[in-house]
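Residue numbers (the working numbering), protein chains in the order written: chain A, 213 to 429; chain B, 213 to 429.
Number of protein chains: 2
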Amino acid sequence: MRRIGDRVWQPGDLIPAEIELAEEFGCARATVNRALQSLADSGLLDRRRKAGTRVALNPVRKATVEIPVIRKDVESRSKAYSFDLLDRKQLSPSVLLQKQYGLSKSAHLLGLWTLHRSDTMPFAYEERWINLSAVPEILEADLETLSANEWLVNNTPLSHGEFAFSARNASIAESRILNCPQGAALFVADRSTWVADQPVTAVRLAYAPGFTMNTTV
Amino acid sequence: MRRIGDRVWQPGDLIPAEIELAEEFGCARATVNRALQSLADSGLLDRRRKAGTRVALNPVRKATVEIPVIRKDVESRSKAYSFDLLDRKQLSPSVLLQKQYGLSKSAHLLGLWTLHRSDTMPFAYEERWINLSAVPEILEADLETLSANEWLVNNTPLSHGEFAFSARNASIAESRILNCPQGAALFVADRSTWVADQPVTAVRLAYAPGFTMNTTV
DNA sequence: TATTAATTTATGTGCAGACATAATTTTATC
DNA sequence: GATAAAATTATGTCTGCACATAAATTAATA
């Protein structure tokens, strides 16, 4: 790490093989392997079998953002959490959703519109659809008590997904719900979740003005 | 992983010790250790010496955002990158900066204002200050050719820092620079970088409307 | 009874050695 | 000269063993 930092090993350079490093540092190859592996994970090295280990050409900075359940997020700011389920209805996927998520035209979706509050103040407005053929059990859940978000976290097996973050001007409806001026800049998080190649849910969260998402590098 | 997904081991549960798992799966303890370590890294398990390993109570979803050099970001969208150094001047830290970064009142800062372009279209507006006592060499760099961002990436040893993402309405000045309506929602990234407990640089990037930051989980 | 010290124990980290695997390089074949 | 097979090699992953370390538990002490 120091050698990369001090440019002894420059970007693109092939660094000594594990055995050589083990000899130099007087340790086992397994130990070198762990160290190099870890540096490769953090994006500092590129490794390929037989080809050897190189200092990464574009040291992409990777930041990890932690996306907690909204309730936890609010509570970690020492505020009281509550939410209102503004609307819920079953619907069919739009043509856009069909294409984007590979949903069939006859798929059944549950749409939910929720306002999350922090000490009675609006915190985030959530628009969500849930793929009922993936998680039919959610129809029996009492979503007035536990938010759909938490129900899914608690009842869905491991899943993968995508996040997209952007900024958007508040529409009239959003400004009314979030109690902010129309056109206010909102931090928006779009998230889709998949379980075994099947789309389970997609959410758009529009956070009230003033929200900041922090990360550590 | 399957057992956590299938709720055989529920959140908060204490799972068997490494030795027991090694016996059950017929492998070495080191192998179990690596597997559990990896699950702990991804936030699925909580481990503590002596206390044992538990299924994480709040499975915090961690998303990794890759923050490339802006040039790479633009180029990866198949656009031509260019930038204008709008202004540069040496300045003293404001009281706010002194407090926030522990800078002395007599510290010398280099302030830079840059517009990054994608195919001549404004892409992001950058406001940056650099701590000259940390990297005095930058005064000799030709920042018209290589952006300060890239100079720092190429010439600064490994560093740690913080990111904060938020949304903000474009000011009159920003709207003029980014060629967008005043009040347009801008995606803003604030970043501070430290080397060995010394603040090196802090940047605010305001992206032109339409920008989206993507992550993979 | 409260405090401190000693013991226990699950995880953390290290070693040496072995075999697996993917790429590359060399050799053999047509 | 082009293609296919064999050998080589750096990393990937595992085993078995050992000792370190932090935290919980128990025993000893004031």
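Glycine is no exception: its CB is placed at the ideal position from the N, C-alpha and C atoms. Predicted model, so just to flag it, every value in this text is computed and none were measured.
Beta-carbon proximity check, residue i vs residue j, cutoff 8 Å
i	j	result
S371 of chain B	W341 of chain B	no
L257 of chain B	A268 of chain B	yes
R259 of chain B	L248 of chain B	yes
Y337 of chain A	A418 of chain A	yes
K301 of chain B	T276 of chain A	no
G323 of chain B	L308 of chain B	no
V286 of chain A	S250 of chain A	no
D218 of chain B	P369 of chain A	yes
G264 of chain B	L226 of chain B	yes
A420 of chain B	L390 of chain B	yes
S395 of chain B	G314 of chain A	For the record, residue 395 of chain B in the displayed sequence is Gly; it is not Ser. No, the Cβ-Cβ distance between G395 of chain B and G314 of chain A is not below 8 Å.
Residues that residue i bridges to, as DSSP identifies them
i	result
M333 of chain B	B:S330
A418 of chain B	B:Y337 and B:V400
P393 of chain B	Per DSSP, none; premise fails for P393 of chain B.
K274 of chain A	B:E278
A353 of chain B	A353 of chain B pairs with nothing; no bridge assigned.
S383 of chain A	DSSP output for S383 of chain A lists no bridge partner at all.
G373 of chain A	A:T405
N343 of chain A	A:L321
V267 of chain B	B:L257
D299 of chain B	B:W325
T413 of chain A	A:I342 and A:T405
L226 of chain A	A:R266
M425 of chain B	A:F377
Y293 of chain B	B:S330
Cβ separation of residue i and residue j, assumed to be a contact under 8 Å, to the nearest whole Å
i	j	result
A319 of chain A	S290 of chain A	Contact doesn't hold; Cβ gap of about 41 Å is too wide.
V399 of chain A	A379 of chain B	Looking at the sequence provided, one finds Phe at residue 399 of chain A rather than Val. Confirmed, Cβ separation roughly 4 Å.
F377 of chain A	M425 of chain B	5 Å
V412 of chain A	V347 of chain A	6 Å
V281 of chain B	E362 of chain B	6 Å
T332 of chain A	F295 of chain A	So it is not a contact: roughly 11 Å between Cβ atoms.
A397 of chain B	N381 of chain B	7 Å
N367 of chain A	E349 of chain A	7 Å
F375 of chain A	T357 of chain B	The Cβ separation is near 35 Å, so there is no contact.
T343 of chain A	L321 of chain A	It is Asn, not Thr, that sits at residue 343 of chain A in the sequence shown. With 8 Å as the limit, N343 of chain A and L321 of chain A qualify as a contact, their Cβ atoms being about 6 Å apart.
Exposed unless 16 or more other CB atoms sit within 10 angstroms - verdict on residue i
i	result
G238 of chain A	exposed
I279 of chain B	buried
L298 of chain B	exposed
E352 of chain B	exposed
I231 of chain B	exposed
S404 of chain B	buried
R261 of chain A	exposed
R215 of chain A	exposed
R283 of chain B	buried
G422 of chain A	exposed
E386 of chain B	buried
P305 of chain A	buried
G373 of chain B	buried
- What residues in the region 364–393 of chain A have a beta carbon less than 7 Å from any beta carbon of chain B? For the region 364–393 of chain A, which is checked against every Cβ of chain B, the residues closer than 7 Å are V365, P369, L370, H372, G373, E374, F375, A376, F377, S378, A379, R380 and N381.
- Item | the region 286–307 of chain A: positions lying closer than 8 Å to chain B by Cβ | Per Cβ criterion, the list is empty.
- Query: What are the residues of the region 396–407 of chain A that lie near chain B, defined by any Cβ-Cβ distance shorter than 8 Å?
  - Reply: Residues A396, A397, L398, F399 and V400.
- the region 324–336 of chain A: which residues have C-beta closer than 8 Å to a C-beta of chain B, in chain order? Here the close residues number zero.
- Message: Against chain B, which members of the region 338–349 of chain A pass a CB distance test of less than 7 Å?
- Response: Within the region 338–349 of chain A, no residue places its CB atom closer than 7 Å to a CB of chain B.
- May I ask you to list, following chain order, the residues of the region 232–256 of chain A that have a beta carbon less than 7 Å from some beta carbon of chain B? Listed in sequence order: no entries.
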